[in-house]
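Trainee: As they're listed, the protein sequences go chains A and B.
Start counting the first sequence at 18; every next residue gets the next number (the numbering used here).
Start counting the second sequence at 18; every next residue gets the next number (the numbering used here).
Backbone N, C-alpha and C define an ideal beta-carbon position, used for all residues, glycine too.
The structure displayed is predicted, hence computed values, not measured ones.
Number of protein chains: 2
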Amino acid sequence: MEIPYKIYLSESEMPRYWYNVRADMKKKPAPLLNPGTHKPMTAAELSGVFCDELVKQELDDTTREYPIPEEILSFYRMYRPSPLVRAYCLEEKLKTPAKIYYKFEGNNTSGSHKLNSAVAQAYYAKMQGLTGVTTETGAGQWGTALSMACSYFGLDCKVYMVKVSYEQKPFRREVMKVYGASVTPSPSDTTQVGRKILAEHPGTTGSLGCAISEAVETAVSNPGYRYVLGSVLNQVLLHQSVIGVETKIAMDKYGIHPDVIIGCAGGGSNLGGLIAPFMGEKLRGEADYRIIAVEPASCPSLTRGVYAYDFCDTGMVCPLAKMYTLGSDFIPAPNHAGGLRYHGMSPILSELYDQGMLEAVSVPQTAVFEAAETFARVEGILPAPESSHAIKVAMDEAIRCRETGEEKTILFGLTGTGYFDLVAYEKYHSGQMDDYVPTDEELAAYAAKLPKI
Amino acid sequence: MEIPYKIYLSESEMPRYWYNVRADMKKKPAPLLNPGTHKPMTAAELSGVFCDELVKQELDDTTREYPIPEEILSFYRMYRPSPLVRAYCLEEKLKTPAKIYYKFEGNNTSGSHKLNSAVAQAYYAKMQGLTGVTTETGAGQWGTALSMACSYFGLDCKVYMVKVSYEQKPFRREVMKVYGASVTPSPSDTTQVGRKILAEHPGTTGSLGCAISEAVETAVSNPGYRYVLGSVLNQVLLHQSVIGVETKIAMDKYGIHPDVIIGCAGGGSNLGGLIAPFMGEKLRGEADYRIIAVEPASCPSLTRGVYAYDFCDTGMVCPLAKMYTLGSDFIPAPNHAGGLRYHGMSPILSELYDQGMLEAVSVPQTAVFEAAETFARVEGILPAPESSHAIKVAMDEAIRCRETGEEKTILFGLTGTGYFDLVAYEKYHSGQMDDYVPTDEELAAYAAKLPKI
Chain A
18 MEIPYKIYLS ESEMPRYWYN VRADMKKKPA PLLNPGTHKP MTAAELSGVF CDELVKQELD
78 DTTREYPIPE EILSFYRMYR PSPLVRAYCL EEKLKTPAKI YYKFEGNNTS GSHKLNSAVA
138 QAYYAKMQGL TGVTTETGAG QWGTALSMAC SYFGLDCKVY MVKVSYEQKP FRREVMKVYG
198 ASVTPSPSDT TQVGRKILAE HPGTTGSLGC AISEAVETAV SNPGYRYVLG SVLNQVLLHQ
258 SVIGVETKIA MDKYGIHPDV IIGCAGGGSN LGGLIAPFMG EKLRGEADYR IIAVEPASCP
318 SLTRGVYAYD FCDTGMVCPL AKMYTLGSDF IPAPNHAGGL RYHGMSPILS ELYDQGMLEA
378 VSVPQTAVFE AAETFARVEG ILPAPESSHA IKVAMDEAIR CRETGEEKTI LFGLTGTGYF
438 DLVAYEKYHS GQMDDYVPTD EELAAYAAKL PKI
Chain B
18 MEIPYKIYLS ESEMPRYWYN VRADMKKKPA PLLNPGTHKP MTAAELSGVF CDELVKQELD
78 DTTREYPIPE EILSFYRMYR PSPLVRAYCL EEKLKTPAKI YYKFEGNNTS GSHKLNSAVA
138 QAYYAKMQGL TGVTTETGAG QWGTALSMAC SYFGLDCKVY MVKVSYEQKP FRREVMKVYG
198 ASVTPSPSDT TQVGRKILAE HPGTTGSLGC AISEAVETAV SNPGYRYVLG SVLNQVLLHQ
258 SVIGVETKIA MDKYGIHPDV IIGCAGGGSN LGGLIAPFMG EKLRGEADYR IIAVEPASCP
318 SLTRGVYAYD FCDTGMVCPL AKMYTLGSDF IPAPNHAGGL RYHGMSPILS ELYDQGMLEA
378 VSVPQTAVFE AAETFARVEG ILPAPESSHA IKVAMDEAIR CRETGEEKTI LFGLTGTGYF
438 DLVAYEKYHS GQMDDYVPTD EELAAYAAKL PKI
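1. Pick helix, strand or coil for E368/A, following the three-state DSSP scheme.
2. Classify A325/A as helix, strand or coil using the three-state DSSP reduction.
3. DSSP has F170/A in a bridge; who is on the other side?
4. Would you list, in chain order, the members of the stretch 157 to 184 of chain B that have their beta-carbon closer than 7 Å to a beta-carbon of chain A?
5. Pairing CB atoms from the stretch 294 to 304 of chain A with CB atoms from the stretch 338 to 352 of chain A, are three or more of them under 8 Å?
6. Below 7 Å between beta carbons is the criterion; list the residues of the stretch 109 to 139 of chain A that meet it against any residue of chain B, in chain order.
7. Please report how far the alpha carbon of K43/A lies from the alpha carbon of S404/B, in whole angstroms.
8. Tell me which residues share the same chain as K444/B and place their Cβ nearer than 7 Å to its Cβ, disregarding the 5 neighbours each side in the sequence.
9. Between the alpha carbons of S318/A and D327/A, how many angstroms are there, rounded?
10. Does S182/B come out as helix, strand or coil in the three-state DSSP assignment?
11. Taking 8 Å as the limit between beta carbons, can you name the residues of its chain near Y271/B, skipping five residues before and five after?
12. Where does Q96/B fall in DSSP's three states?
13. How big is the Cα-Cα spacing for W35/A and V311/B?
14. In whole angstroms, give me the CA-to-CA distance for R33/A and T201/A.
15. State the DSSP-derived secondary structure class of G226/A, mapped to helix, strand or coil.
16. Give every residue of the same chain whose Cβ lies closer than 7 Å to the Cβ of G491/B, excluding the five residues on either side of it in the sequence, and list them in chain order.
17. Beta carbon of A139/B, beta carbon of R81/B: below 7 Å?
18. In terms of residue numbering, what span does the alpha helix (DSSP H) encompassing Y436/B cover?
19. Enumerated in chain order, which unbroken segments of the beta strand (DSSP E) with a length of 3 residues or greater are wholly contained in the stretch 369 to 402 of chain A?
20. Determine the contact status of N287/A and H130/A, defining contact as a CB-CB distance below 7 Å.
21. Quick one: grab the DSSP three-state call for M340/A.
22. Give every residue of the same chain whose Cβ lies closer than 8 Å to the Cβ of T113/B, excluding the five residues on either side of it in the sequence, and list them in chain order.
23. Closest to S182/B by C-alpha separation, out of T264/B, D438/B, V66/B, A461/B, would be which residue?
24. Using a beta-carbon distance cut-off of less than 8 Å, what residues from the stretch 424 to 435 of chain A approach chain B?
25. Using only alpha-carbon positions, find the residue among L250/B, E217/B, K180/B, G430/B that is nearest to C335/B.
26. CA-CA distance, T151/B and T235/B?
27. In whole angstroms, what separates the C-alpha of A389/A from that of F92/A?
28. Would R189/A be called buried (16 or more neighbouring beta carbons within 10 Å of its own) or exposed?
29. Around the C-beta of R301/B, are 16 or more other C-beta atoms found within 10 angstroms, so that it is buried, or is it exposed?
30. Looking only at its chain, what residues have a beta carbon closer than 6 Å to the beta carbon of P46/A, apart from the 5 residues adjacent to it on each side?
31. Could you check if I470/A is buried or exposed, using at least 16 other CB atoms within 10 Å of its CB as the buried criterion?
32. Any heavy atom of the ligand GDP closer than 6 Å to the CB of S64/B?
33. Which of the three DSSP states, helix, strand or coil, is assigned to P187/A?
34. Per DSSP, T154/B forms a beta bridge with which residues?
35. Short of 9 Å Cβ to Cβ, which residues in the stretch 402 to 418 of chain B face chain A?
36. Output the boundary residues of the beta strand (DSSP E) element that contains L101/B.
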């Protein structure tokens, strides 16, 4: 069978289930803990924050496959299947014998894979009869995705957007407004936690951890609202498994076996989704794959963080999660332009990393933008800075193959487009970008403040 | 055969030829005239401005099919086939018995259909051994597309960008730079015509006609350079026929017959491309289709212009074209946000319109943005303002079907995405958008200045 340049599954081939990798993990990710009692969070406790069905998914580490509800499948058909593309032009540019494939998730208005989970979370909120949802957004991809999903299902959507992004990314904000979301710069005076942070740090430009705290407070203090999150959580990785399952169906159809699978990792939603069914095979001993998480050198939670219980947010209103973390008040240097700025990492990926099931590398941002531009010129797609971390490491692997002569098959996740990141590209072009990384002393100081559990 | 929600042709089904609608026109479009002698432009005269192969295509009104060169097919495979989508959600929203389909050309980094011709023009320039090409861009879609194509083929690309867009659309400019193009705000002091316009109108924010003049001057005064244009010309409509041929192959495969075909029209490249093979059948008497060109009420060349020879540019350095025109120094009101701001219309479409083979309507811009937002919310794609003109009229047709009960099949061209047009969306949201249209007196004054031929 001739392999197409871009593989699109037909509608009948598209996955009808999400795959829950926890079902195949012998040692499961550690449970979320109540920040007051340090006891595992119960479904009842979590249901004040999250929708009931999502609580169930969050806590379920045994069900292997979740059927995707028909309404979500309908929405998925608006922008899925996403193409699995053979990067012929990049291979030629690098003069590598490696075969490079990428799964491109950017062909939708939200511009990234985030929509896969946004539609699921909005759907379950609607089914529960809720009025709306609250969330935070940094770069804006998640907020955009959620506002699209909420608009589709007729839900109210309140987005707390990190203030610096709110001001620097007016276009992202405007897309959310097209979809009817309300967008509030965080920290704001609409919440107690926001007012407290503003009082303590009047000039602050905000952080993801702070915006999470505000969104959670707004959800729990408004009847009919729940909080939704775009990464980190088990439920999000479950929904994002659609990326990996689709990829695996396409690769199996044409008999392609990836030797190396590469994804960028901030909170872990993309990487966790892409690798899910491959990791399942690896956990069950049915196949082997080298799996690489790529993070920015300026926010290196896997490569330089500690594996410990930590808060998911700055205001410490969220449950504690055991994860690789830099500390809940860690914020990357202001000049960091590459996204992936969350202080922690998905508990699932953290546990798998701790078990040695995946590798992690960190890359400096100018090298990431250099790879992004090379990719854009030969493959025609302007990548998001986040995605470009994976591009950089895929290119490094391919160059290594050129040197060794190995004909490896490399698969990476191209999570999104960079149309709203041109300020960062401009910084790169004008030489205003640096490669600052935190010192060991800085990281140790943050680590010292981790909760003692 | 069950019709997929989104129809993607397989690579083997994709068109391997462009269709030249002029071959089926009994009365051909009028020839370009030399602005000095008023005699038809010869191939020799045109070859100082355009590449040789493109001159041939420009003048050839008899060859029905042009095989697409293999190198261009390879590039097309990077972003084509584009999907033909059934707008189920829009149909439901409008409660219409009509079936609505759209051909979506926005899934590439340039964000529009412009890439279809950009790659062809860059390819022929490269084959001729040229160093580079020059062009103008207004909103920036064409400049972006051309910079991508030139980067792929290793050609230098000099873009004159209308000054107001250069300043208001820094992101578009930055994408072009990612692809290595040089971008100059027009009018500039790099050309004689630019210096002349600057001297006469020191505070001018530029116009498309003026940027064309600068690009042409730069091409003819630099050895190894030629000028390329993203719309209006016969060659451009030829390349854009790939949209229509692909659409027709997909529709024929599933036995879908469009009753009405709708496209936005600025210079005519999208509409001309979309309708080409359908118009061919209509011209040959093999099938009938209602075809509607949609233009902005603020720049109504078909609906309120005159069919006459006119200059293609402000500086009057280009050949004269017989077309529906508002006059070469017509500029839409400053508050016009919807693109499609060219004073004239493709000679092919002008002639077909004059023969009664297509209809034209004009729509006010706030109604266009209202339709855009409705579409974005239900179909998930944020449309370009240009494309939204077609959406508006497709929705009007569908609503009419609701009233009459007719189950018409409506096809429209969704030419691109609005990710770089959020300033316009913001204007719409904040109530700063008006529906100014030129008065009869204004249009008469421009028409009085048309060259007497």
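Mentor: According to the structure data:
1. The residue you call residue 368/A lines up with position 351 of the first sequence. Of the three classes helix, strand and coil, the one that applies to E368/A here is helix, per DSSP.
2. For the purposes of this step, residue 325/A is identified with residue 308 of the first sequence, where counting begins at 1. It is a strand residue.
3. Position 153 of the first sequence, counted from the first residue, corresponds to residue 170/A. DSSP output for F170/A lists no bridge partner at all.
4. M165, S168
5. no
6. N124, N125, T126
7. Numbered from its first residue, the first sequence carries residue 43/A at position 26. Numbered from its first residue, the second sequence carries residue 404/B at position 387. K43/A and S404/B: Cα-Cα distance of roughly 53 Å.
8. Here residue 444/B refers to the residue found at position 427 of the second sequence. A354, M450.
9. Against the first sequence, residue 318/A aligns to sequence position 301. Against the first sequence, residue 327/A aligns to sequence position 310. So the two alpha carbons sit approximately 12 Å from each other.
10. On the second sequence, position 165 is the one that residue 182/B refers to. Note: S182/B maps to helix in three-state DSSP.
11. Taking the second sequence and counting its residues from 1, one reaches residue 271/B at position 254. Around Y271/B: M18, I20, I24.
12. Translated into the one-based positions of the second sequence, residue 96/B becomes position 79. According to the sequence shown, residue 96/B is Tyr rather than Gln. It is helical.
13. Looking up residue 35/A in the first sequence gives position 18. Looking up residue 311/B in the second sequence gives position 294. Straight-line Cα distance between these residues: approximately 43 Å.
14. Residue 33/A sits at position 16 when you count from the first residue of the first sequence. Residue 201/A sits at position 184 when you count from the first residue of the first sequence. The alpha-carbon atoms of R33/A and T201/A are separated by roughly 36 Å.
15. Position 209 of the first sequence, counting from 1, holds the residue named residue 226/A. Reduced to three states, the DSSP call for G226/A is helix.
16. Outside the shown range of chain B, which is 18 to 470, sits residue 491/B, and nothing can be said about it.
17. Here the question's residue 139/B lines up with position 122 in the second sequence. Here the question's residue 81/B lines up with position 64 in the second sequence. Cβ distance not < 7 Å, so A139/B and R81/B don't count as in contact.
18. Walking along the second sequence from the start, residue 436/B turns up at place 419. Run containing Y436/B: none; DSSP gives neither H nor E here.
19. 376 to 380
20. Start at 1 with the first residue of the first sequence, and residue 287/A comes out as number 270. Start at 1 with the first residue of the first sequence, and residue 130/A comes out as number 113. Yes; because the gap between Cβ atoms is below 7 Å, this pair is in contact.
21. Residue numbering aside, residue 340/A sits at position 323 when the first sequence is read from its first letter. Residue state, collapsed to three classes: strand.
22. Locating residue 113/B in the second sequence gives position 96, where the first residue counts as 1. These residues qualify, in order along the chain: A415, I416, C418, R419.
23. Counting from 1 along the second sequence, the entry for residue 182/B is found at position 165. It is D438/B whose Cα lies nearest to the Cα of S182/B.
24. T434
25. As a first step, residue 335/B must be located in the second sequence, where it is residue number 318. Ranking L250/B, E217/B, K180/B, G430/B by Cα distance to C335/B puts L250/B first.
26. As a position in the second sequence, residue 151/B is number 134, starting the count at 1. As a position in the second sequence, residue 235/B is number 218, starting the count at 1. Straight-line Cα distance between these residues: approximately 7 Å.
27. Stepping through the first sequence from its first residue, residue 389/A is reached at position 372. Stepping through the first sequence from its first residue, residue 92/A is reached at position 75. Their Cα atoms are separated by approximately 30 Å.
28. Numbered from its first residue, the first sequence carries residue 189/A at position 172. Label assigned to R189/A: buried.
29. Against the second sequence, residue 301/B aligns to sequence position 284. Result: exposed.
30. As a working note, residue 46/A is residue 29 in the first sequence. Same-chain partners within the cutoff: P364, I365, E368.
31. Start at 1 with the first residue of the first sequence, and residue 470/A comes out as number 453. Exposed, because fewer than 16 other Cβ atoms sit within 10 Å of the Cβ of I470/A.
32. With respect to the ligand GDP, the structure offers nothing, as it holds no ligand at all.
33. Here residue 187/A refers to the residue found at position 170 of the first sequence. In this structure, P187/A counts as helix in the three-state DSSP scheme.
34. To locate residue 154/B, count along the second sequence from 1; it is residue 137. Paired residue(s): M178/B.
35. none
36. Position 84 of the second sequence, counted from the first residue, corresponds to residue 101/B. 101 to 103 is the extent of the beta strand (DSSP E) around L101/B.
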